[in-house]
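In what follows, a single structure is set out as structure tokens and then discussed.
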Amino acid sequence: MPLLPEGHPEKIFREDGLRLDGRKPDELREIRLEIGVLKNADGSAMICHGKNRIIAGAYGPREVHPRHLAQSDTGILQVQYRMATFSVGERKTPVPGRREKEISMVVQHALEPVLFLEQYPNSTIDVFIQVMTADGGTRCASITAAALALADMGIPMRDLVTGVAVGKINNKPILDLADYEDKWEEGAADMPVAVMMNEKKITLLQLDGQVGIDEYEQMLNLALKGAEKIYELQKEALRKKYTSELVGGR
Amino acid sequence: MSEFHEEGGSENEIPEEERAEDDIADSNTFDEDDNLDDADHGEAPLEEGPQKFDGEEEGGQEESGMREVVTPGQVLGARNKDMLPGFGTVIDPKGNIISLYVGFLQKHGKYVNVIPFKGKYMPRVGDKVIGKIIDKNVVLWKLDINAPCVAILRAGDAGEGDRGRHEYGSGGSRGGTQQVRRRFDRGGKKEDTSQYNVGDIIIAKVLKYDRTTEPTLTTVGPDLGQIRGGFIMDIAVPKIPRLIGKAGSMIKLLNTLTSCKLFVAQNGVVWIKGKKIDEERLLIKTIKKIENEAHTVGLTDRVKEFVQSEMKKVKA
Numbered sequence: 000m001p002l003l004p005e006g007h008p009e010k011i012f013r014e015d016g017l018r019l020d021g022r023k024p025d026e027l028r029e030i031r032l033e034i035g036v037l038k039n040a041d042g043s044a045m046i047c048h049g050k051n052r053i054i055a056g057a058y059g060p061r062e063v064h065p066r067h068l069a070q071s072d073t074g075i076l077q078v079q080y081r082m083a084t085f086s087v088g089e090r091k092t093p094v095p096g097r098r099e100k101e102i103s104m105v106v107q108h109a110l111e112p113v114l115f116l117e118q119y120p121n122s123t124i125d126v127f128i129q130v131m132t133a134d135g136g137t138r139c140a141s142i143t144a145a146a147l148a149l150a151d152m153g154i155p156m157r158d159l160v161t162g163v164a165v166g167k168i169n170n171k172p173i174l175d176l177a178d179y180e181d182k183w184e185e186g187a188a189d190m191p192v193a194v195m196m197n198e199k200k201i202t203l204l205q206l207d208g209q210v211g212i213d214e215y216e217q218m219l220n221l222a223l224k225g226a227e228k229i230y231e232l233q234k235e236a237l238r239k240k241y242t243s244e245l246v247g248g249r
Numbered sequence: 000m001s002e003f004h005e006e007g008g009s010e011n012e013i014p015e016e017e018r019a020e021d022d023i024a025d026s027n028t029f030d031e032d033d034n035l036d037d038a039d040h041g042e043a044p045l046e047e048g049p050q051k052f053d054g055e056e057e058g059g060q061e062e063s064g065m066r067e068v069v070t071p072g073q074v075l076g077a078r079n080k081d082m083l084p085g086f087g088t089v090i091d092p093k094g095n096i097i098s099l100y101v102g103f104l105q106k107h108g109k110y111v112n113v114i115p116f117k118g119k120y121m122p123r124v125g126d127k128v129i130g131k132i133i134d135k136n137v138v139l140w141k142l143d144i145n146a147p148c149v150a151i152l153r154a155g156d157a158g159e160g161d162r163g164r165h166e167y168g169s170g171g172s173r174g175g176t177q178q179v180r181r182r183f184d185r186g187g188k189k190e191d192t193s194q195y196n197v198g199d200i201i202i203a204k205v206l207k208y209d210r211t212t213e214p215t216l217t218t219v220g221p222d223l224g225q226i227r228g229g230f231i232m233d234i235a236v237p238k239i240p241r242l243i244g245k246a247g248s249m250i251k252l253l254n255t256l257t258s259c260k261l262f263v264a265q266n267g268v269v270w271i272k273g274k275k276i277d278e279e280r281l282l283i284k285t286i287k288k289i290e291n292e293a294h295t296v297g298l299t300d301r302v303k304e305f306v307q308s309e310m311k312k313v314k315a
């Protein structure tokens, strides 16, 4: 237990207009993506997004257990988002809480549109997401990683899904909120977005806070700009993994 | 099915009558021609080109040997008369051909194909598969065939142990007249599931499958039935065509260079059976090499060299 309570910064922007970690308002944190990190999963990926460390493993298509969840006209996607007990400052109870159930559901809904689930009746595709370290924007990072895990599994997909968070602080739109920015309360809003970049279709959009119409449009454009960059990183990660396999095989 | 396991007694000599004949290799070539999906795939987005990818290059279309890796959703070009979506691709609302897999790009005539690196086996009618019996009751067996669901083998579809004597599809509890006729044919023999036991490894053929029900198998036909001895190994399903080679060329090569028999099932399981354990081990090594280098050009020649040099060591 820290002797002093966790402090909040007094200001959220520096004198020079940059954010506290030195980013510009429309700058992403450093993102590193790795494919195939789990040997026993059919497909897997890890994302290091700022201080976030998230691992996603995908399995299937396989039989549904318990059987009553199976649907005879379509396959199902089951997503399990869990945070490790050590992923946040104060120990998180391992019991899945309301927040984890919600995020599991929104990630599932964000990924479903890219899959051809109707091809796999009575089957399930399982995605397990484990947050090892959380530092804001985990649901978006989870979507980014889960999409890569599904692609690594070799299941047909229309597109990859890219998640990115936008928000505003002191009524100023910013991209990719870190944990301390998420907790700021003055003129703040938080909007996680997931996009299928090829068709520019939005598969997840949540909004926490109050924004005007122009502000909303500004934030959405910012999100698309950020997602574009992450999408390139996703494609790059997949190519790198399999190109190295091609070279390694020779 | 375990990744790799050894059946008992492979080091011992194999009785001659049990040895599979040469036609094992030939039987693997059955799936080389066109395989347009049947009608019940309806509006399935996974269009298959009329030309199945068989792993071999078409007369030096690409010299570099390095192929482009594409990702899901990547636009491969606009659809037009000279560019049609083949395997692993789909048309998006804008009329562009997009990739469905992480895989490498292959152009086959007018068709653009994407050959995935990984994938799960999806049963198709007519496929020969190797499965393990995981359950049985009075009328049927259930088999694990590496597919999303278990496969069913009904007692009537299992033949009577005399492989190949019955006509294809003569068994089965489908229709009264057939049943009556068969009862006479078999001299009143009972249909039950005493023939195979849980744990047996079976080569079977997919008799029917339509996505909504479990695949139904049959073991009536040449090469089908229980297998004994040898090795079973798994390889990635998208790499199967490369292991078979064009018109079975790779299998024939491996069969002539070693004294082992090789059966490659469409569900990613390979059965190896030889007289000498060293040759069987060499074959396993070679198959792993083929799997790792499946995307490279000139593989057949390199495999030939590799096996020939290794065989010298084995014989010495």
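Respectively, the protein sequence lines represent chains Z and S. Numbering that gives the first Met the number 0 applies: residue 0 is where the first sequence begins, and numbers increase by one. Numbering that gives the first Met the number 0 applies: residue 0 is where the second sequence begins, and numbers increase by one. For glycine and all other residues, C-beta sits at the position ideal for the given N, C-alpha and C.
Residue i, buried or exposed, once every other Cβ within 10 Å from all chains shown has been counted against 16
i: S/V296; result: buried
i: Z/E235; result: exposed
i: S/G58; result: In this predicted model, S/G58 has a pLDDT of only 38, less than 50, meaning its place in the structure is not dependable; the value taken from the coordinates is given anyway. S/G58 is exposed by the Cβ-count criterion.
i: S/L253; result: buried
i: S/G41; result: With a pLDDT of 31 at S/G41, under the threshold of 50, the modelled position of this residue cannot be trusted, and the question is left open.
i: Z/T202; result: buried
i: S/E166; result: At S/E166, the pLDDT of 45 sits below 50, so the modelled position is not reliable; the number obtained from the coordinates is stated separately. The residue in question, S/E166, is exposed, as its Cβ has fewer than 16 Cβ neighbours within 10 Å.
i: S/G108; result: exposed
i: Z/L237; result: buried
i: Z/T84; result: exposed
i: Z/G16; result: exposed
i: S/P122; result: buried
i: S/F119; result: The residue asked about is misnamed: residue 119 of chain S is Lys in this sequence, not Phe. Buried, by the Cβ-count rule.
i: S/E20; result: Unreliable placement is indicated for S/E20, whose pLDDT of 37 sits below 50; the coordinate value is still reported in the next sentence. S/E20 is exposed by the Cβ-count criterion.
i: Z/M156; result: buried
i: S/H294; result: buried
i: S/G64; result: Because S/G64 carries a pLDDT of 49, less than 50, the predicted location of this residue cannot be relied on, and the following value inherits that uncertainty. Result: exposed.
i: S/D222; result: buried
i: Z/Q118; result: buried
i: Z/Q129; result: buried
i: S/T215; result: buried
i: Z/H7; result: exposed
8 Å Cβ cutoff met for residue i and residue j
i: S/F116; j: S/V137; result: no
i: Z/S122; j: Z/G56; result: no
i: Z/A226; j: Z/M190; result: no
i: Z/V210; j: Z/A188; result: yes
i: S/I200; j: S/I129; result: yes
i: S/P92; j: Z/E198; result: yes
i: Z/M196; j: Z/D151; result: no
i: S/V111; j: S/G76; result: yes
i: Z/G186; j: Z/I212; result: no
i: S/M249; j: S/L242; result: yes
i: Z/I173; j: Z/R18; result: yes
i: S/D126; j: S/Q265; result: yes
i: S/I96; j: S/M82; result: yes
i: Z/I229; j: Z/T143; result: yes
i: S/I132; j: S/L139; result: no
i: Z/A222; j: Z/V192; result: yes
i: S/T285; j: S/F305; result: yes
i: S/V205; j: S/I234; result: no
i: S/G229; j: S/K272; result: yes
Given residue i as reference, the closest of the options once Cα atoms are compared
i: Z/G153; options: Z/I46, Z/E62, Z/K23 and Z/Y241; result: Z/Y241
i: Z/K182; options: Z/L174, Z/L149, Z/K224 and Z/G135; result: Z/G135
i: Z/L232; options: Z/R13, Z/G96, Z/R31 and Z/K50; result: Z/R31
i: S/T88; options: S/V113, S/P147 and S/Y208; result: S/V113
i: Z/E89; options: Z/A133, Z/M156, Z/L114 and Z/E117; result: Z/A133
i: Z/V98; options: Z/D72, Z/R138, Z/F127 and Z/M131; result: At residue 98 of chain Z the sequence reads Arg, which differs from the Val that was named. Checked all of Z/D72, Z/R138, Z/F127 and Z/M131; the closest Cα to Z/R98 is Z/R138.
i: S/R280; options: S/K303, S/V263, S/S258 and S/V268; result: S/S258
i: Z/E111; options: Z/D207, Z/K50 and Z/V78; result: Z/V78
i: S/L99; options: S/A154, S/K80, S/K275 and S/V68; result: S/V68
i: Z/N220; options: Z/K200, Z/D207 and Z/K239; result: Z/K200
Chain-ordered neighbours of residue i on chain C, where CB pairs are closer than 7 Å
i: Z/Y241; result: Any reference to chain C falls outside this structure, whose protein chains are Z and S.
Q) Got a sec: which bits of the stretch 149 to 175 of chain Z sit with their beta carbon under 9 Å from any beta carbon on chain S, in order along the chain? A) Within the stretch 149 to 175 of chain Z, L149, A150, D151, M152, G153, I154, P155, M156, R157, D158 and L159 place their CB atoms closer than 9 Å to a CB of chain S, listed in sequence order.
**Q.** Secondary structure, beta strand (DSSP E): runs of 3+ residues fully inside the stretch 91 to 161 of chain Z
**A.** As far as the stretch 91 to 161 of chain Z is concerned, its whole beta strand (DSSP E) runs of at least 3 residues are 122 to 132.
Q. Which residues, in order along the stretch 5 to 28 of chain Z, keep a beta-carbon less than 7 Å from a beta-carbon of chain S?
A. Per Cβ criterion, the list is empty.
**Q.** Continuous alpha helix (DSSP H) assignments of at least 4 residues falling wholly in the stretch 189 to 248 of chain S
**A.** You should have 239 to 243.
Q) Which residues, in chain order, does the stretch 51 to 73 of chain Z contribute to contact with chain S at a C-beta distance below 9 Å? A) So the close ones are G59, P60, R61, E62, S71 and D72.
Q: Using a Cβ-Cβ cut-off of less than 7 Å, list which residues of the stretch 113 to 140 of chain Z approach chain S; keep chain order.
A: Across the stretch 113 to 140 of chain Z, CB contacts with chain S closer than 7 Å involve F115, Q118, Y119, P120, N121 and S122, in sequence order along the chain.
Q: Note down, in chain order, all residues in the stretch 82 to 97 of chain S with a beta-carbon under 9 Å from any beta-carbon belonging to chain Z.
A: For the stretch 82 to 97 of chain S, residues whose beta-carbon sits nearer than 9 Å to a beta-carbon of chain Z comprise G87, V89, D91, P92, K93, N95 and I97.
Q) Going along the chain, which unbroken runs of the beta strand (DSSP E) with 3 or more residues stay wholly within the stretch 163 to 198 of chain Z? A) Correct list: 171 to 174 and 188 to 195.
Q: Ignoring anything shorter than 3 residues or poking outside the stretch 224 to 249 of chain Z, list the beta strand (DSSP E) runs there in chain order.
A: Whole beta strand (DSSP E) segments, 3+ residues: zero.
Q) In the stretch 124 to 150 of chain S, which residues sit with their C-beta less than 8 Å from some C-beta in chain Z, listed in chain order? A) For the stretch 124 to 150 of chain S, the set of residues with a beta-carbon nearer than 8 Å to any beta-carbon of chain Z comprises P147, C148 and V149, in chain order.
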